[in-house]
Amino acid sequence: MTATVVRNIGQLITNSDSSLGIIENAALVFENGKVQWIGPNSSAPAADSSINAEGGVVTPGFVDSHTHLVFAGDRTQDYVARMTGSKYSSGGINTTVSATRAASEDELRETTRRLVSRARSTGTTTLEVKSGYGLNTETELKILKVAREFTHETTFLGAHIVPSEKINSRDSYIDEVKTTMLQAVKPYAKWIDVFCDTGAFSVDEAREILKAGIAEGLKPRLHGNQLGNTGGAELAAELKVASVDHCTHISDSALSALADAGVVATLLPGAEFFTRSEYPNAKRFFDAGVDVALATDCNPGSSFMTSMPVVISLAVREMQMTPTQAFYAATKGGALALQRTDIGHLNVGAEADLVIWQTKSFESIPYRMGEVECQTISGGVNSLKIS
Ligand code: NIG
Ligand code: FE
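Residue numbers (the numbering used here): 13 to 399.
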């Protein structure tokens, strides 16, 4: 491998601390997939090849720690219903389950490849991808096999909802998730997740399912408190999961429990945007000392988007985050939510996942809401694969 120097960086965001660790007029060298040197442009060492950032901003690649990228079909009519006043509920998931069961592995691979490539073109270099639109062993396996071709951050979400054909045999579905399905998918999954919410799974069911996954070596994370304050966040703290995601409806005591347990709260403003729901106020999370991540939640029902710059704009405008907090949450926060120390920052030793933005200040990225052009370099060994 050869060394590459990125010169003439106007603002380098290293994320050495939560104020973003900005170095003005900087340069960066990477080699063998890792950041090898950062410092002033004037003392940049020579390297085998050179990239001119032309005074632009360089940031760590975004860590999108919550997506449901592998699915078939879309739910345009659900969106229209939302925008004409009907409330979002978990039931629409069944529509995507039918389409996904009917799709071939090749079809799923192609739609996933397109979404991954969109995400990468807007600065994402790490993606978590969940299953959850199969809800039978065969299709959950098909989804996770495809997901694994693109990322190691794969999550088994067999407990997304109880599928419509099992609605009268709920306990046997939960049993299947914990046994046959889990055994079949575990070689392709790193994480286990449950949608613990109104119309999905109860706290007791979620605890049981997560514990079954943990016993098989998967690491827990949780969808909680999206549709109601139904105890997901408290369970997340009890089990010390890596991250509890959504947190739209959350009490002050649950926030302190998350802070004490070191559980990241992943906020998903796309879901509030696309379902016309009230946004959580991120200031409450910061005041309580909770680590916050931002992610797209890319899925056809509640957040059909891949752009982390747009997520940041929404978080700043609608969730009372400062641009600094939002950038940190979309990079370092996502890394914390995936329990990764090698990504989400650009200090020496980090993965060489970086984005060169054609702008002078990082604040103009939320200001221009998805309009700032960028070049994504996913040079790290564990970087996003686009087949
Ligand atoms: O994270 N909340 C649960 N699951 C997805 C939405 C699934 C769907 O509506 O298809 C989410 O928002
Ligand atoms: Fe989700």
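Beta carbons are placed, not taken as given, at the ideal position from N, Cα and C, and that holds for glycine.
For residue i, is the classification buried or exposed, using 16 other Cβ atoms within 10 angstroms of its Cβ as the cut-off for buried?
| i | result |
| --- | --- |
| Glu246 | buried |
| Val92 | exposed |
| Ser61 | exposed |
| Ser31 | exposed |
| Thr14 | exposed |
| Ser399 | The predicted model places Ser399 with a pLDDT of 43, which falls under 50 and marks its position as unreliable; any figure quoted below should be read in that light. Exposed. |
| Ser184 | exposed |
| Gly22 | buried |
| Ile355 | buried |
| Ser199 | The question names Ser, yet the displayed sequence has Pro at residue 199. Pro199 should be labelled exposed. |
| Ile179 | exposed |
| Asn53 | buried |
| Asp272 | exposed |
| Lys295 | exposed |
| Thr88 | exposed |
| Glu152 | buried |
| Pro57 | exposed |
| Gly244 | buried |
| Asp90 | buried |
| Glu66 | exposed |
| Glu290 | exposed |
| Ala212 | buried |
| Lys154 | buried |
| Lys252 | exposed |
| Gly346 | buried |
| Ser314 | buried |
| Met202 | The question names Met, yet the displayed sequence has Lys at residue 202. Its Cβ being crowded by 16 or more others within 10 Å, Lys202 is buried. |
| Asn237 | buried |
| Asp216 | exposed |
| Gly170 | buried |
| Ser325 | buried |
| Asn359 | exposed |
| Asp118 | exposed |
| Ala227 | exposed |
On a Cα-Cα basis, can you pick out the residue from the options that is closest to residue i?
| i | options | result |
| --- | --- | --- |
| Thr402 | Tyr100, Gly301, His172 and Phe316 | Coverage of the chain is limited to positions 13 through 399, which leaves residue 402 absent and any answer about it impossible. |
| Thr343 | Gln332, Val360 and Thr278 | Thr278 |
| Pro72 | Thr136, Pro52 and Tyr200 | Thr136 |
| Thr191 | Lys223, Met333 and Val75 | Lys223 |
| Val75 | Leu350, His172 and Ala218 | Leu350 |
| Thr353 | Ser28, Gly22, Val17 and Val18 | Ser28 |
| Val189 | Ala218, Arg121 and Arg126 | Ala218 |
| Asp299 | Cys310, Asp264 and Ala327 | Asp264 |
| Tyr379 | Thr149, Val304 and Ala327 | Ala327 |
| Met95 | Ser55, Ser101, Asn64 and Thr287 | Thr287 |
| Asp205 | Ile186, Ser214, Gly225 and Gln195 | Gly225 |
| Asn64 | Ala341, Thr16 and Thr26 | Thr16 |
| Ser116 | Gly97, Asn148, Val158 and Phe339 | Val158 |
| Tyr340 | Glu66, Met331, Glu330 and His357 | His357 |
| Gln337 | Ser268, Val302, Ile221 and Ser98 | Val302 |
| Ala305 | Cys386, His78 and Leu156 | His78 |
| Val276 | His235, Val174 and Asn241 | His235 |
Could you give the DSSP three-state label for residue i: helix, strand or coil?
| i | result |
| --- | --- |
| Thr210 | coil |
| Leu348 | helix |
| Pro232 | strand |
| Phe83 | coil |
| Ser399 | Note that Ser399 scores 43 on pLDDT, short of 50, meaning its location in the model is unreliable; the coordinates nonetheless yield the value given after this. Residue state, collapsed to three classes: coil. |
| Val41 | strand |
| Leu306 | strand |
| Ala277 | strand |
| Glu385 | coil |
| Gly22 | strand |
| Thr16 | strand |
| Asn237 | coil |
| Asn311 | strand |
| Ser390 | strand |
| Met317 | coil |
Between residue i and chain C, is the shortest Cβ-Cβ distance under 9 Å, so that the two count as touching?
| i | result |
| --- | --- |
| Ala196 | Looking at the structure shown, chain C is missing, and only one protein chain is on hand. |
Quiz item: Should the segment 255-262 be regarded as contacting the segment 277-291, the criterion being three or more beta carbon pairs within less than 8 Å?
Solution: With the rule of 3 Cβ pairs closer than 8 Å, the segment 255-262 counts as touching the segment 277-291.
Quiz item: Do the segment 128-143 and the segment 155-174 make contact, defined as three or more Cβ pairs closer than 8 Å?
Solution: In the pairwise beta carbon analysis, the segment 128-143 is classified as touching the segment 155-174: at least three pairs are separated by under 8 Å.
Quiz item: So, do the segment 40-51 and the segment 100-114 have three or more beta carbon pairs nearer to each other than 8 Å?
Solution: Flag = no, the segment 40-51 and the segment 100-114 do not touch.
Quiz item: Between the segment 77-92 and the segment 359-374, do at least 3 Cβ pairs fall closer than 8 Å?
Solution: With the cut-off at 8 Å, the segment 77-92 and the segment 359-374 do not touch.
Quiz item: Can you list, in chain order, the stretches of the alpha helix (DSSP H) that have 4 or more residues and sit fully within the segment 45-97?
Solution: Counting only runs of 4 or more, we get 88-95.
Quiz item: Which full runs of the alpha helix (DSSP H) of 4+ residues lie inside the segment 136-217, going along the chain?
Solution: Taken in chain order, the complete alpha helix (DSSP H) segments of 4 residues or longer contained in the segment 136-217 are 149-162, 182-188 and 194-197.
Self-check item: Every unbroken beta strand (DSSP E) within the segment 247-293, with a cutoff of 3 residues, ordered by chain
Solution: Whole beta strand (DSSP E) segments, 3+ residues: 255-258 and 276-279.
Quiz item: Which ranges would you report for the beta strand (DSSP E) in the segment 328-382 if only whole runs of at least 3 residues count?
Solution: At a cut-off of 3 residues, the continuous stretches assigned as beta strand (DSSP E) that sit fully inside the segment 328-382 are 365-369.
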